[in-house]
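The opening position of the sequence shown corresponds to residue 32 in the working numbering, with each subsequent residue numbered one higher. Glycine included, every Cβ here is placed at the ideal spot set by N, Cα and C.
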Amino acid sequence: MVALARVRAGGEDAGVKQELRGAVPLSGAFLDEREEELVLDVLRSGRLSLGPMIDRFEEAFAEKLGVPYAAAVSSGTAGLHLLCVSAGIAPGDEVITSPYSFAASANCFIYEGGVPVFADIDPRTLNLRPDAVREAITPRTKAIVAVDIYGYPCELDDLRAIADEHGLALIQDSCEALGALYKGRPLGAHGPSAVFAFYPNKQMTTGEGGIVTTHSEEEYRLLRSLRNQGRGDSGGWLEHVRLGFNYRLSDVSAAIGLGQVEKLDEILPRRAQVAQVYDELLGEIAGVELPLADDADHVRSWFVYVVALPDNATRERVIGELDLAGIGFNRYLPSIHLQPYMRERYGFREGLCPVSEDLSSRTLALPFFTSLERDQQERVAETLVTAL
Ligand SMILES: Cc1ncc(COP(=O)(O)O)c(C=O)c1O
């Protein structure tokens with residue numbers, strides 16, 4: 032098994048510096064000869080796009096999650112955008128989402144003219160608080176984008192009940208949560224359409240890519256058309272039946288994806304094991320809050336290992352030590368509403384979502400990937416102890 036560790040720490044450039052020091056990277060993909068073989072098959076077939084590998088990848092993915100349809104796309108963001116189009120989000124429609132997420136959770140509907148409304152999060156789960164979502168509903172609300180942040184399932188049934196009651200679309204941003212279980216069943220398999228993302232720091236990768244799962248054949252057909260420039264099922268290459276996009280995944284990427292799906296049963300438990308080692312090593316360190324443990328209804332799929340420190344000053348001190356030791360880190364996650372473009376466009380300010388803002392100021396992602404070794408984790412733990 033060749034585990035290719037892609038070095039990323041505090042931004043792409045910092046990665047190079049860290050590689051030279053032989054340091055502990057922040058994240059890395061888990062690939063072997065199987066992906067090489069599948070990619071070679073595609074290259075030799077000459078079918079580099081819209082070929083049979085896309086169908087094989089989609090079928091394998093759908094089967095793994097127990098969903099009827101999966102449409103591969105060029106990124107998680109593209110998948111979210113297509114679900115916003117499918118939900119009919121139009122200029123002026125309000126969409127409620129989590130501030131404690133990656134910017135794409137909000138950007139996806141802004142592309143369609145939707146207006147972001149941020150509801151605050153639960154400090155335990157870091158996911159949307161259903162009662163905060165309820166309070167944020169107005170006559171202009173059109174949809175909810177629910178995020179399963181850091182792979183921890185959101186309160187799906189509560190959010191679904193709210194959406195049904197108010198006639199809202201519910202879009203699941205499960206980009207970080209492939210393999211997570213809500214009430215015993217995988218995310219994606221519950222009904223609402225969901226999106227998973229495959230950047231190399233994710234549980235599985237296609238280089239760049241994403242996939243949308245849906246329970247509706249009609250939506251699946253729409254997604255296939257939208258990702259392919261709005262072409263119809265039976266029309267020619269130059270016939271466009273609707274406004275579409277080029278959000279296709281290439282067959283080369285799909286080949287990597289198929290190899291990854293085949294080894295998910297190895298990847299997910301290994302990541303859970305890595306998390307368990309961190310729990311053990313960091314559990315006794317005063318001032319370090321560990322990620323929330325699973326319960327009967329929520330089983331996390333491990334995307335990143337994010338700890339909360341007492342305050343921002345402590346976090347910066349820890350970051351200083353990690354950087355010196357050549358250990359990867361990132362300030363996961365800034366609150367979306369306080370990003371410069373959000374302040375400028377919508378006038379959002381501090382105080383809008385206090386729980387999210389507080390956590391944004393003191394949460395920290397530590398190195399985390401499938402092949403992370405115990406001795407590397409011990410170095411991370413020792414560095415944390417020194418800093419604290
Ligand atoms: C919560 C969340 N949503 C959306 C995305 C977007 O995925 P992509 O980078 O593939 O466009 C990501 C990726 O990091 C994510 O973490």
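Please check the pair residue i and residue j, which I expect to be a contact at CB under 8 Å, by giving their CB distance rounded to whole angstroms.
i: ILE367; j: PHE360; result: Not really, about 20 Å apart at Cβ, beyond 8 Å.
i: ILE202; j: PRO223; result: 7 Å
i: VAL305; j: PHE399; result: 7 Å
i: ALA167; j: ILE127; result: 5 Å
i: ASP124; j: VAL98; result: Not quite, the Cβ-Cβ distance comes to about 27 Å (not below 8 Å), so this is no contact.
i: SER117; j: LEU299; result: Going by Cβ atoms, the distance from SER117 to LEU299 rounds to 28 Å, so no, they are not a contact pair.
i: LEU289; j: LEU69; result: 6 Å
i: GLU143; j: CYS115; result: 5 Å
i: GLN291; j: THR245; result: The Cβ separation is near 21 Å, so there is no contact.
i: ARG65; j: GLU297; result: Their Cβ separation, rounded to whole angstroms, is 11 Å, which puts ARG65 and GLU297 out of contact at 8 Å.
i: LEU157; j: TYR181; result: 7 Å
i: LEU395; j: ARG362; result: 7 Å
So, for residue i: in the same chain, excluding its five sequence neighbours on each side, which residues have a beta-carbon less than 8 Å away from its beta-carbon?
i: LEU74; result: VAL283
i: LEU321; result: TYR309, ASP310, LEU313, GLY314 and VAL338
i: ARG262; result: SER256, TRP268, GLU270, HIS271, VAL272 and GLY275
i: PRO365; result: SER391
Roughly how many angstroms separate the alpha carbons of residue i and residue j, rounded to a whole number?
i: ASP325; j: ARG331; result: 6 Å
i: ALA101; j: PHE334; result: 21 Å
i: VAL104; j: ILE287; result: 14 Å
i: VAL338; j: PHE276; result: 38 Å
i: CYS155; j: LEU353; result: In the sequence under discussion, the amino acid at residue 155 is Arg, which differs from the Cys named in the question. Between ARG155 and LEU353, the C-alpha separation is close to 26 Å.
i: LYS233; j: GLU207; result: 7 Å
i: LYS214; j: TRP268; result: 44 Å
i: ALA418; j: LEU340; result: 11 Å
i: LEU71; j: GLU89; result: 19 Å
i: GLN408; j: PRO170; result: 50 Å
i: ASP63; j: PRO231; result: 14 Å
i: PRO131; j: ILE175; result: Residue identity check: residue 131 is Tyr in the sequence provided, not Pro. Roughly 14 Å between the two C-alpha positions.
i: LEU197; j: LYS173; result: The residue you asked about is not Leu; residue 197 is His in the sequence shown. For HIS197 and LYS173, the distance between alpha carbons rounds to 9 Å.
i: TYR278; j: LEU257; result: 8 Å
i: HIS221; j: GLU248; result: 15 Å
i: ALA137; j: LEU403; result: 32 Å
i: GLU413; j: ASP406; result: 10 Å
i: GLY378; j: TYR372; result: 9 Å
i: GLN260; j: LEU199; result: 27 Å
i: GLY462; j: ALA285; result: In the structure as shown, the chain starts at 32 and stops at 419, and residue 462 therefore has no counterpart that could be examined.
i: LEU113; j: TYR183; result: 23 Å
i: ILE85; j: GLY266; result: 20 Å
i: LEU382; j: ALA91; result: The sequence shown places Gly at residue 382, rather than the Leu named in the question. If you take the alpha carbons of GLY382 and ALA91, they lie about 45 Å apart.
i: LEU323; j: LEU390; result: 14 Å
i: LEU397; j: ASP264; result: 46 Å
i: ARG346; j: ARG380; result: 22 Å
i: GLY318; j: ALA211; result: 28 Å
i: TYR336; j: ALA163; result: 26 Å
i: ARG191; j: VAL386; result: 23 Å
i: GLU388; j: SER76; result: 51 Å
i: PRO56; j: VAL416; result: 19 Å
i: ALA150; j: ALA177; result: 11 Å
With a CB to CB cut of under 6 Å and the five nearest residues on each side skipped, what residues in its chain are close to residue i?
i: ASP189; result: PRO161
i: SER106; result: GLU239 and GLY241
i: THR401; result: PHE61, ILE298, ARG301 and ARG302
i: GLU250; result: SER117
i: ASP153; result: ARG160
i: ARG87; result: LEU289
i: PHE140; result: CYS115, ILE120 and VAL126
i: ASP342; result: ARG393
i: THR108; result: ALA135
i: ARG148; result: It is worth fixing the name first, because residue 148 is Val in this sequence and not Arg. Around VAL148: GLU125, ILE127 and ALA167.
i: PRO122; result: GLY144
Give every residue of the same chain whose Cβ lies closer than 7 Å to the Cβ of residue i, excluding the five residues on either side of it in the sequence, and list them in chain order.
i: GLY110; result: VAL104, VAL226, GLY241, ILE242 and VAL243
i: SER205; result: ASP179, LEU218, GLY219, ALA225, VAL226 and PHE227
i: GLN370; result: ALA134
i: LEU79; result: VAL73, SER281, ASP282 and VAL283
i: ASP328; result: TYR213 and LYS214
Does the CB of residue i have a neighbour CB from chain D at under 9 Å?
i: ALA167; result: Absence of chain D from the displayed structure is noted, only one protein chain being present.
Quick check on the DSSP output: what are the complete beta strand (DSSP E) runs of length 3 or more inside the segment 80 to 112, in order along the chain? Entirely contained in the segment 80 to 112, the beta strand (DSSP E) runs reaching 3 residues are, in chain order, 100 to 104.
Which runs of the alpha helix (DSSP H) spanning at least 4 residues fall entirely within the segment 313 to 371, listed in chain order? You should have 343 to 355.
As an exercise, report each continuous alpha helix (DSSP H) stretch of at least 4 residues that is fully enclosed by the segment 191 to 267, in chain order. The qualifying runs are 248 to 258.
Completely contained alpha helix (DSSP H) runs for the segment 144 to 178, where each covers 4 or more residues: Fully enclosed alpha helix (DSSP H) runs of 4 or longer: 161 to 167.
Which ranges would you report for the alpha helix (DSSP H) in the segment 279 to 317 if only whole runs of at least 4 residues count? If we require 4 residues or more, the alpha helix (DSSP H) runs fully inside the segment 279 to 317 come out as 282 to 293 and 295 to 313.
Which residue spans inside the segment 369 to 406 form an unbroken beta strand (DSSP E) run of at least 3? If you keep only unbroken beta strand (DSSP E) runs of at least 3 residues inside the segment 369 to 406, you get 394 to 397.
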